[in-house]
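Step one of this worksheet: look at the structure below.
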Amino acid sequence: MAGETVITFTGNVVADPELRFTPSGAPVANFRVANTPRTFQRDTNEWKDGDPVFLSVSVWRQQAENVAESIKRGDRVIIVGRLTQRQYEKDGERRSSYEIQADEVAPSLRSATAAVTKNSQNGQQHRQQAGQQAYGAPQGDPWANGQSAAGQWGSAAQEPPF
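Under our numbering, the first residue of the sequence shown carries the number 1, and numbering increases by one thereafter.
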């Protein structure tokens, strides 16, 4: 990531994510997020809205499918990724647009709740049978099969052995 602009952006999803597949079959989800900054005006004792910021977001692979199933229009989200700029010409005028290539997308829990559901282990087991370690899945993970720490190490009061 050397030389890339890393950004954390919080905002509301403007439209439902659109899930597409590349010709090679890789899933990609695209959606837009908006954030309107607010400042408090002491002289009028009121909040004033600033200019809204709209950013496009793209998410790839399994995370794209997860986002398309989990996030919808109006949801407040937190996005961490790399900010990119695209130059284009419209009506003879040179313009720029900005996009986040998302590494992480999560619902904001400031004014909402979320129930997290892990993906099935079928994809992980298939990759392991092919002789590959599943990315991000440590061997012997007690949480992967729904087993609690108490079930793994005896009692909930006992510290795990690490």
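The beta carbon of each residue, even a glycine, is placed where N, CA and C say it ideally should be. All figures in this text were calculated on a predicted structure; none of them were measured in a lab.
Closer than 6 Å by C-beta to residue i: which residues in its own chain qualify, once you throw out the five before and the five after it? Chain order, please.
i, result
"Arg20", "Val28"
"Trp60", "Val28"
"Ser96", "Gln85 and Gln87"
"Pro52", "Ala34 and Thr36"
"Thr22", "none"
Can you give the beta carbon distance from residue i to residue j, rounded, assuming they're within the 8 Å contact cut?
i, j, result
"Asn12", "Ala34", "6 Å"
In chain order, what residues of the same chain lie with their CB nearer than 8 Å to the CB of residue i, ignoring the 5 residues before and after it?
i, result
"Pro163", "This structure gives no information on residue 163, because the portion of the chain shown stretches from 1 to 162."
"Gly3", "none"
"Glu89", "Arg95"
"Trp47", "Arg38, Thr39, Phe40 and Gln41"
"Arg32", "Val13, Val14, Ala15, Phe54, Leu55, Ser56 and Val57"
"Asn119", "Gln62 and Asn66"
"Thr10", "Asn35, Arg76, Val77, Ile78, Ile79 and Ser108"
"Arg73", "Val13, Val14, Ala15 and Asp16"
"Thr44", "none"
If we cut at 8 Å on Cβ distances, does residue i have a partner in chain C?
i, result
"Ala34", "No chain C is part of this structure, which consists of one protein chain only."
Could you pull out every residue in the same chain whose Cβ sits closer than 7 Å to the Cβ of residue i, ignoring the five residues on either side in sequence?
i, result
"Leu83", "Thr5, Ile7, Tyr98 and Ile100"
"Ala64", "Leu19, Pro27, Val28 and Ala29"
"Ala112", "Arg76"
Buried or exposed for residue i, going by 16 or more other Cβ atoms inside 10 Å?
i, result
"Val116", "exposed"
"Phe54", "exposed"
"Gly81", "buried"
"Ala68", "buried"
Is the CB-CB distance between residue i and residue j below 8 Å?
i, j, result
"Val36", "Asp16", "It should be pointed out that residue 36 corresponds to Thr in this sequence rather than to Val. Not a contact, by the Cβ cut-off of 8 Å."
"Ala102", "Val57", "yes"
Exercise for the section: Would you mind listing the alpha helix (DSSP H) stretches within the region 43 to 92 that are 4+ residues and don't spill past its ends, in chain order? Expected result: 61 to 70
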